[in-house]
Structure formats: structure tokens, C-alpha cells
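Colleague: Mind looking over this structure? Questions follow.
Protein chains: 2
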Amino acid sequence: MRISEASAKSGLSADTIRYYEKSGIVPPIARGPDGLRRFSPENLEWLTLLYWLRKTGMPMKEMQRFASFYRQGEATVPQRRDLLLKHEQRLQERRADLARCEEVLSYKLAAYDRIEGNRS
Amino acid sequence: MRISEASAKSGLSADTIRYYEKSGIVPPIARGPDGLRRFSPENLEWLTLLYWLRKTGMPMKEMQRFASFYRQGEATVPQRRDLLLKHEQRLQERRADLARCEEVLSYKLAAYDRIEGNRS
DNA sequence: GCCTTGACCTGGAGTGACTCCAGGCCGGTA
DNA sequence: TACCGGCCTGGAGTCACTCCAGGTCAAGGC
């Protein structure tokens, strides 16, 4: 498939995909006889994983390490697992942030309700 | 209180606080006779709110609108409430992202377990 | 056969939200 | 008096994109 389809299916913009390829997070994508990128299903799976990792706050440096482990083959599975476990940790922290923010918001909204209540 | 204390209590770095003041998200902070910023308790409450809004993904443009409503006084409470409600929406979306990512991760981790299981 | 359209290419500039730093001032301590 | 720590300002640097100019190529319409 070409870049527009890979973009639609992975969630990453075409620009971001090219940028990721340049930075080595995505392996060099095969080209057709026309010089355009042709994405394999494995490429797409990789992009989709990156999309979710990035969207939930994994920094690029870490994705680069992850990608380099990936390129080194199955022997690096333990290291890759560690990175993903670390990311799960991060998800926990984010969840806690969301909960804390929710509290702050409902406190603020309640204060607004009181003001509105007094005015009307 | 001075900037280091405001930073420690709000969660924002001193640099970020100064940056926010420059961009008008934080009102001009009063200065002592030495020319240093002196933060009032209200200043601190505002900073803390900004910290949580920003940390959970409110863009600066929106915080600017929020700040400008705030400067216009109580008449803008409904608009401010709308912005906060919109942000609550965003929190929901983030939560969904986290959940989806969690799924992707556990799928990947399970695949790693299978590989490791076969190897040993 | 030619022209237009649209998807893609590259290299490079621009953006958002910080973050860091150089160079300077000031009040307190040894 | 010399130094130190905390603060100041203006400006440069960073990260992770995002946008754009200028160009190629294949397919469809006239």
C-alpha cells in the first residue's frame, strides 16, 4: 500500500511517517518502480504500534531504542518487553494525572455554579 | 512568596511561569522593592490550575482565552465553564487513548511471552 | 498528442511549548 | 571585601512535528 493508505490506517500523518523513516524509527520503506514508498502489512503494524506509543507519551528517544532493538532481532525481546512495561507504568501515571485534573475541574465547576446561583 | 516557592507549589518550572507571564496566560505578577516577583495565594491557585490543564493537554491558545475571560470578571463565568467542560471531554478522550494503548501493549507483551516460551 | 489533475517526492523553513544559558543585579554571610 | 545564591532579562536551542515550494510521474479527458 502507499503512504496515504498507511497514514489512514495507522493514524500517523504522511509527513510524520516520512519524518519517522528519516529518524530511523521506521525501517527504510521499500520503493516501487515509480520511486514511491510501498508499505507491507508488517510496516503498517509497526506504524500503528508507534502511533499508540507516541500518542500516550513515549518520547522519540525511547522509540528509537525500541526500534534499534527490533532491528537486532528476537534476541532483544527481553529489552523490548522492558521498554513496554516501562510504558505501561507511564500509562498508570497519566491515568492518575487525568483523575487529579478531574478533581480540580469539578472543584472549579462547583465554584462557578455557586457564583451563577448567587447571581440569578 | 517568590518564584521558587511558587514553582515548587504549583508544579510549573520557574522558566515556565515567566514564560506564561510573558504570554499573558498569567497576569503580571506584583514585584517587591527588590524588583523580584511576589506571588499571592490567588496567583498560586491560578498557576496550579494552569499546571493541571496543561499537563492534561489543554493547548496554550485555549488557556489564553480562558485567562482573558478570567480578566474580564464574573460576567464570563459561563464561557469559562464551557471551556472547562470541553476540557473534561478531552480527559475522556485521553482515557480512551490510554485504554486502547493498554490493549495494544498487552497484545504485544503476550506475543513476546510466546516467543520467549518457545526459546526456553 | 498534449494538458491537467492528483498523489507522491525532497529539502528546508516554521510552530508550539517549553528549556537552557550568558551576563548582570542584589542582599546576606565569612 | 569577596563571594554566594536566588532572581532578573533577552535570546538561543530543543523536540516532535507540520507546512510549503518546487519537482516527478501516471492516468484520464479532449
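Chains A and B, in that order, are what the protein sequence lines are.
Note that this note's numbering gives residue 5 to position 13 of the first sequence, counting from 1, and the numbers run on in steps of one.
Note that this note's numbering gives residue 19 to position 27 of the second sequence, counting from 1, and the numbers run on in steps of one.
Ideal placement from N, C-alpha and C gives every residue a C-beta, glycine not left out.
When you compare each of K14(B), A0(B), S(-1)(B), R(-6)(B) to P25(B) by their alpha carbons, which one comes out closest?
Modeller: The sequence position of residue 25(B) within the second sequence is 33, counting from 1. Of the listed residues, the one whose Cα sits closest to P25(B) is R(-6)(B).
Colleague: Check for me: the alpha helix (DSSP H) holding R63(A) runs from which residue to which?
Modeller: Here residue 63(A) is taken as the residue at index 71 of the first sequence, counted from 1. Run containing R63(A): 52 to 63, per the alpha helix (DSSP H) assignment.
Colleague: From D105(B) to Q64(B), what does the alpha carbon distance come to, in whole angstroms?
Modeller: The residue you call residue 105(B) lines up with position 113 of the second sequence. The residue you call residue 64(B) lines up with position 72 of the second sequence. Rounded to the nearest angstrom, the two C-alpha atoms are 58 Å apart.
Colleague: Name the two residues that bound the continuous alpha helix (DSSP H) containing R46(A).
Modeller: Looking up residue 46(A) in the first sequence gives position 54. That run of the alpha helix (DSSP H) goes 33 to 47.
Colleague: Would you say W44(B) faces chain A, with C-beta separation under 8 Å as the test?
Modeller: Locating residue 44(B) in the second sequence gives position 52, counting from the first residue. With 8 Å as the cut-off, W44(B) counts as an interface residue toward chain A.
Colleague: Anyone know if the C-beta pair for I9(A) and S(-1)(A) falls short of 8 Å?
Modeller: Sequence index remark: in the first sequence, residue 9(A) carries index 17 (1-based). Sequence index remark: in the first sequence, residue -1(A) carries index 7 (1-based). Result yes, Cβ atoms of I9(A) and S(-1)(A) sit closer than 8 Å.
Colleague: Put R(-6)(A) into one of helix, strand or coil per three-state DSSP.
Modeller: Indexing the first sequence from 1 puts residue -6(A) at position 2. Note: R(-6)(A) maps to coil in three-state DSSP.
Colleague: What does the alpha-carbon distance come out to for the pair G27(B) and P20(B)?
Modeller: Residue numbering aside, residue 27(B) sits at position 35 when the second sequence is read from its first letter. Residue numbering aside, residue 20(B) sits at position 28 when the second sequence is read from its first letter. Taking the straight line from one Cα to the other gives about 13 Å.
Colleague: Could you name the residues of the same chain whose beta carbon sits closer than 6 Å to that of L75(A), not counting the 5 residues immediately before and after it, in chain order?
Modeller: As a working note, residue 75(A) is residue 83 in the first sequence. The residues are F58.
Colleague: Below 7 Å CB to CB, which residues in the same chain sit around E66(A) once its five sequence neighbours on both sides are set aside?
Modeller: The sequence position of residue 66(A) within the first sequence is 74, counting from 1. If we look at E66(A) and ignore the five residues flanking it on each side, it has no Cβ neighbours.
Colleague: Would you mind stating whether R86(A) and G49(A) have Cβ atoms separated by less than 8 Å?
Modeller: Residue 86(A) sits at position 94 when you count from the first residue of the first sequence. Residue 49(A) sits at position 57 when you count from the first residue of the first sequence. The answer is yes: Cβ separation under 8 Å.
Colleague: Any beta carbon from chain B within less than 8 Å of L101(A)'s own beta carbon?
Modeller: As a first step, residue 101(A) must be located in the first sequence, where it is residue number 109. So yes, L101(A) belongs to the interface.
Colleague: What did DSSP end up calling R29(B) once you bin it into helix, strand or coil?
Modeller: Taking the first residue of the second sequence as 1, we reach residue 29(B) at position 37. Of the three classes helix, strand and coil, the one that applies to R29(B) here is strand, per DSSP.
Colleague: In chain order, what residues of the region 6 to 37 of chain B put their CB closer than 8 Å to some CB of chain A?
Modeller: So nothing in the stretch comes that close.
Colleague: Which stretch, first to last residue, makes up the alpha helix (DSSP H) that contains A22(A)?
Modeller: Numbered from 1 along the first sequence, position 30 holds the residue referred to as residue 22(A). Run containing A22(A): none; DSSP gives neither H nor E here.
Colleague: Spatial neighbours of H79(B) within its chain, please: CB distance less than 7 Å, with the 5 preceding and 5 following residues excluded, ordered by chain position.
Modeller: Reading the second sequence from its first residue, position 87 is the one you call residue 79(B). Contacts found: L45, M50.
Colleague: CB L4(A) to CB L36(A), shorter than 8 Å?
Modeller: In the first sequence, counting from the first residue as 1, residue 4(A) sits at position 12. In the first sequence, counting from the first residue as 1, residue 36(A) sits at position 44. For L4(A) and L36(A), no; Cβs fall outside 8 Å.
Colleague: Closest Cβ-Cβ distance between L90(A) and chain B: below 8 Å?
Modeller: The residue given as residue 90(A) occupies position 98 in the first sequence. So yes, L90(A) belongs to the interface.
Colleague: Measuring CA to CA, which of Q56(A), L90(A), Y62(A), S32(A) is closest to Y11(A)?
Modeller: Position 19 of the first sequence holds residue 11(A). Closest option to Y11(A), Cα to Cα, is Q56(A).
Colleague: Using a Cβ-Cβ cut-off of less than 7 Å, give me the residues of the region 72 to 98 of chain A that come near chain B, in sequence order.
Modeller: Per Cβ criterion, the list reads R72, R73, L76, H79, E80, L83, R86, R87, D89, L90, R92, C93, E94, V96, L97.
Colleague: Along the chain, where does the alpha helix (DSSP H) that runs through I17(B) open and close?
Modeller: Along the second sequence, read from residue 1 onward, the residue named residue 17(B) stands at position 25. That residue, I17(B), is in no alpha helix (DSSP H); it is neither H nor E in DSSP.
Colleague: Under the assumption that L90(B) contacts V96(A) (Cβ atoms under 8 Å), give the Cβ distance between them as a whole number of angstroms.
Modeller: Working through the second sequence from its first residue, we reach residue 90(B) at position 98. Working through the first sequence from its first residue, we reach residue 96(A) at position 104. No, L90(B) and V96(A) are not in contact; Cβ-Cβ is about 19 Å, not under 8 Å.
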